[in-house]
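*Asks:* Pasting a structure here, questions to come.
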Amino acid sequence: MDTDSKAKKYLIGRKVDRFFIKVHKASSFTIRYFKELVTSPHEVGEFVQQCYNIGYRSLSLITLTSFITGYVFTKQSRPSLSEFGATSWIPSLVGIAMIRALAPLVTALICAGKVGSSIGAEIGSMKVTEQIDAMEVSAVNPYKYLIVTRVTASTLMIPVLMMYAGFVGLMGSFLNVSQNELTTLTAFFHNAFEKITMLDIVSSVIRSLAYGFTIGIVGCYKGYNTSQGTQGVGKAANAAVVASMFLIFIEEVILVQVINWFR
Amino acid sequence: MAEQKINNLSRVIEVKDLYKSFNENHVLRGVELELSKGENLVVLGRSGTGKSVLIKILSGLLKQDRGTAIVLGQEVSQLNELSLRALRQKIGFSFQNSALYDSMTVKQNLEFPLIRNVRHLSRKEINSRIEGVLDAVGLLQSLNQLPAELSGGQRKRIGIARTLILQPEIMLYDEPTAGLDPITSIEINNLINEVRARFHTSSIIITHDLTCAKTTGDRIAMLLDGQFVKTGTFDEVFATKDPRIQSFYDYNFIN
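Structural data, given as C-alpha cells:
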C-alpha cells in the first residue's frame, strides 16, 4: 500500500471514529434527559417559565404563518377544483391537509427556527461565559435546571401550538372561502372535519410530540457542547436549527409510514 | 494580614503528583500542593501555565490524567455525582469573569444556589443570608440590579458573595483582580482577606498579579512549566536566583 492510500485510510478512520464519538455523546445526552426527568427534585418554576417562552411567545409567529398557509393553500387549490366543479370539497380538502400534514410540519419548522435557535444560543452563551460551570460548582445540577426544563417544555408546547396552528389555518381558509362562496363558519368547520378521524388527530399529536422533543434536545445539545467563544454561540444556534429541521423531515417520513399502517 | 499565623495546621487540600494534558499540551506535570486550614495560598504563574486547570480539578470541573487531588479528605475524581455535589457545597469558586447568571438580578443570583442546596429555609432566613453576604462584600444596595448594570469590580464582589452564600470552608479565586483598575484591585484584595477573617475560610488564589499575591497570600507557590518550582512566603520566593522567577518579578514591578 502506498503512502497516499495509507494516509487516506487513516483520515477516513479518524472521521469514522469522530462520527461514532458524536453519536455516543448525543445518545448519552438523550438518555441522561430521561434519567433526570424521573428523578427529583424538579425545577417546576423554570419549566413553567420555559412553557411560557416556547408556547406563548411563539403564538404571534404561528398565528401569522398558519393563517397565511391556510389562506394561500385554499386560494391555490381553488382553480384546479373549480375546473371539475368541486369547490365544495375545499373545506374537507383543507381540513385533511391542515390536520394531517401542514399544521404539524409548519409548526415544527417554525419552532425549529425560533425555539431551537433561541435555546442553542442561550445555553451556548451560558456555556462560554462559564455560567454552567458556576452552577456545577455551586452544587446545582445544570442539566436538570437547563436541559430537562427546556426539552420537556418544548415537547409539550409544540403539540399545543400545532392544534392552535390547525385552527388558525382553517380560519385562513375560511376567509378565502367566504370571499368566494356563501357559507357560514359552522358549515365550513362541519365540512372541514367531516373526513377527519380520531387517528388523524392522534397521529398529528404524536408527531408533534416527537418534533417538540427533537427541537428541544437538539437545541440543548448544541448549546451545551458549545466551544470557541462567541463565534461558537452563533454556530451552535445555527447548527441547532439545521440539525433539528433535518431530523424533523426524517421523522416525518418514518412516522407517516408507520401511522399509515394503522389506517 | 498576609503575615497572619496559621493556628490550625490540619490540611484541607492535598495534591500529589498531578498530571493533566490537553492533546499534546502537557499543562500540569507532577504538581504537589498542600493547603492548611485557614491559610491563603497564592498560585502564581504566567497565563497558560495551568493555574486555572489546577483549581478546576480541585472543584471537579476537570479530571486529572494521573495523581491525586484530595479535598477535605475526599479524592475528587473518585466521587459520584451526589458526593461531589455535597463536597461542592463546601467549596466556593470565584470565576475570573464572575460568571453571574445574566438573566437574573443580584438577589436571584444569590438565591439560586441557596434554595437548591439548603432546603426548608424560610423566606426571612433566605433574605437574612443574602443581606449578610451582600453586606460582607459592601453591595447591599445592588440587590435588585442586573449583572449588566454593575461595574467589573462590583460583579467580582457579587461573584464572591454568591460563593459565600453556602458558607464554604474553602475558597478558590480564579484571577480575582484580572481586568480591574489598581484601586478596585486593592479593594478586592482587601475583600479576600476580610472573607478569610469573617468566614474562616481557607483559600487558593490564582493570579499573576504580584500586588494581589503579596497582599493576600500567606504562602506563594510559583507554577512554571507545569510544576511548582518554588514555595514559601513572598519574600522567600522572590529572594531566589532562579532567572524565570526573577523575570516574573521584574516584569510585574519594573514594567
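Top to bottom, those sequences are chains F and U. Per our numbering, the very first residue in the first sequence carries number 1269; after that it's consecutive. Per our numbering, the very first residue in the second sequence carries number 9; after that it's consecutive. Positions of the beta carbon are idealized from the N, C-alpha and C atoms, including for glycine.
Would you report the Cα separation of Ile1299/F and Met1431/F, rounded to the nearest angstrom?
*Replies:* So the two alpha carbons sit approximately 29 Å from each other.
*Asks:* Taking a cut of 7 Å between CB atoms, which residues from the stretch 1291-1324 of chain F lie near chain U?
*Replies:* So nothing in the stretch comes that close.
*Asks:* Could you please give the first and the last residue of the uninterrupted alpha helix (DSSP H) stretch that includes His1285/F?
*Replies:* In the sequence as displayed, the identity of residue 1285/F is Asp instead of His. Run containing Asp1285/F: Thr1271 to Val1306, per the alpha helix (DSSP H) assignment.
*Asks:* Please compile the residues from chain U whose C-beta is within a distance smaller than 9 Å of the C-beta of Thr1417/F.
*Replies:* None at all; the shortest Cβ gap to chain U is about 13 Å.
*Asks:* Considering Cα atoms alone, identify which of Ser1350/F, Asp1285/F, Asp1272/F and Gly1384/F is closest to Ile1321/F.
*Replies:* The displayed chain sequence assigns Asn, not Ile, to residue 1321/F. When only C-alpha atoms are compared, the closest one is Gly1384/F.
*Asks:* Would Val145/U and Ile166/U be called neighbours here (beta carbons separated by less than 8 Å)?
*Replies:* A contact, by the Cβ cut-off of 8 Å.
*Asks:* Got a sec: which bits of the stretch 53-80 of chain U sit with their beta carbon under 7 Å from any beta carbon on chain F, in order along the chain?
*Replies:* Within the stretch 53-80 of chain U, the qualifying residues are Ser67 and Leu69.
*Asks:* Whole angstroms are fine: how far does the CA of Phe1352/F sit from the CA of Ser1472/F?
*Replies:* If you take the alpha carbons of Ser1472/F and Phe1352/F, they lie about 30 Å apart.
*Asks:* For a minimum of 4 consecutive residues, which ranges assigned as the alpha helix (DSSP H) are wholly contained in the stretch 174-207 of chain U?
*Replies:* Complete alpha helix (DSSP H) runs here, min 4: 190-207.
*Asks:* Would you say Ala144/U reaches chain F, if we count a Cβ-Cβ gap shorter than 8 Å as a contact?
*Replies:* Chain F, which has no Cβ nearer than 8 Å to the Cβ of Ala144/U, makes this no.
*Asks:* Can you check which of these residues, Leu1443/F, Ile1522/F and Tyr1492/F, is closest to Thr1342/F by C-alpha distance?
*Replies:* Comparing Cα positions, the closest option is Leu1443/F.
*Asks:* Measure the Cβ-Cβ separation of Val114/U and Leu151/U and say whether it is below 8 Å.
*Replies:* The answer is yes: Cβ separation under 8 Å.
*Asks:* Would you verify that the beta carbon of Gln1344/F is, or is not, closer than 8 Å to some beta carbon of chain U?
*Replies:* Output row for Gln1344/F: interface = no.
*Asks:* So Val1419/F is in the alpha helix (DSSP H); what residue range does that whole segment cover?
*Replies:* First-last of the alpha helix (DSSP H) with Val1419/F: Thr1417 to Asn1448.
*Asks:* Taking CB distances under 8 Å as the criterion, tell me whether Ile212/U reaches chain F.
*Replies:* Not one chain F Cβ lies under 8 Å of Ile212/U.
*Asks:* Output needed in chain order: residues of the stretch 1399-1428 of chain F with a Cβ under 7 Å from some Cβ in chain U.
*Replies:* Those would be Gln1399, Asp1401, Ala1402, Glu1404, Val1405, Ser1406, Ala1407 and Val1408, in chain order.
*Asks:* Using the beta-carbon count (16 or more within 10 Å), is Lys13/U buried or exposed?
*Replies:* Only weak support exists for where Lys13/U lies, its pLDDT of 42 falling under 50; the value from the coordinates is given anyway. Result: exposed.
*Asks:* Assuming Leu69/U and Val1405/F make a contact with CB atoms under 8 Å, what is their CB distance in whole Å?
*Replies:* At roughly 7 Å, the Cβ-Cβ gap stays under 8 Å, so Leu69/U and Val1405/F are in contact.
*Asks:* Kindly indicate the opening and closing residues of the alpha helix (DSSP H) around Tyr1324/F.
*Replies:* Segment: none, Tyr1324/F is in no alpha helix (DSSP H) and carries neither H nor E.
*Asks:* Note down, in chain order, each residue of its chain lying with its Cβ closer than 7 Å to the Cβ of Ala1433/F, except the 5 sequence neighbours on either side.
*Replies:* These residues qualify, in order along the chain: Ile1330, Ser1334, Ala1371, Val1374 and Thr1375.
*Asks:* Could one say the Cβ of Thr1397/F lies closer than 8 Å to chain U's Cβ atoms, at least one of them?
*Replies:* Judged by the 8 Å Cβ criterion, Thr1397/F is in contact with chain U.
*Asks:* Return yes when the Cβ of Ile1387/F is within less than 8 Å of the Cβ of Arg1346/F, no when it is not.
*Replies:* It is not a contact, given that the beta carbons lie outside the stated cut-off.
*Asks:* Distance check for Gln1399/F and Ile217/U, CA to CA, integer angstroms please.
*Replies:* Before going on, a small fix: residue 217/U reads as Asp here, not Ile. Looking at the two C-alpha atoms, the distance is approximately 25 Å.
*Asks:* So is Pro121/U buried or exposed if we call it buried at 16+ other beta carbons inside 10 Å?
*Replies:* With 16 or more other Cβ atoms within 10 Å, it is buried.
*Asks:* Within the same chain, show all residues whose beta-carbon is closer than 6 Å to that of Lys1490/F, passing over the 5 residues directly before and after it, in chain order.
*Replies:* Contacts found: Gly1388, Ala1504, Ala1507 and Ala1508.
*Asks:* Mind listing, in chain order, the continuous alpha helix (DSSP H) runs of no fewer than 4 residues lying wholly within the stretch 210-238 of chain U?
*Replies:* Counting whole runs of 4 or more residues, the stretch 210-238 of chain U contains the alpha helix (DSSP H) stretches 218-224.
*Asks:* Does Tyr181/U come within less than 8 Å of chain F when only Cβ atoms are used?
*Replies:* No, Tyr181/U lies away from the interface with chain F (no Cβ there is under 8 Å from its Cβ).
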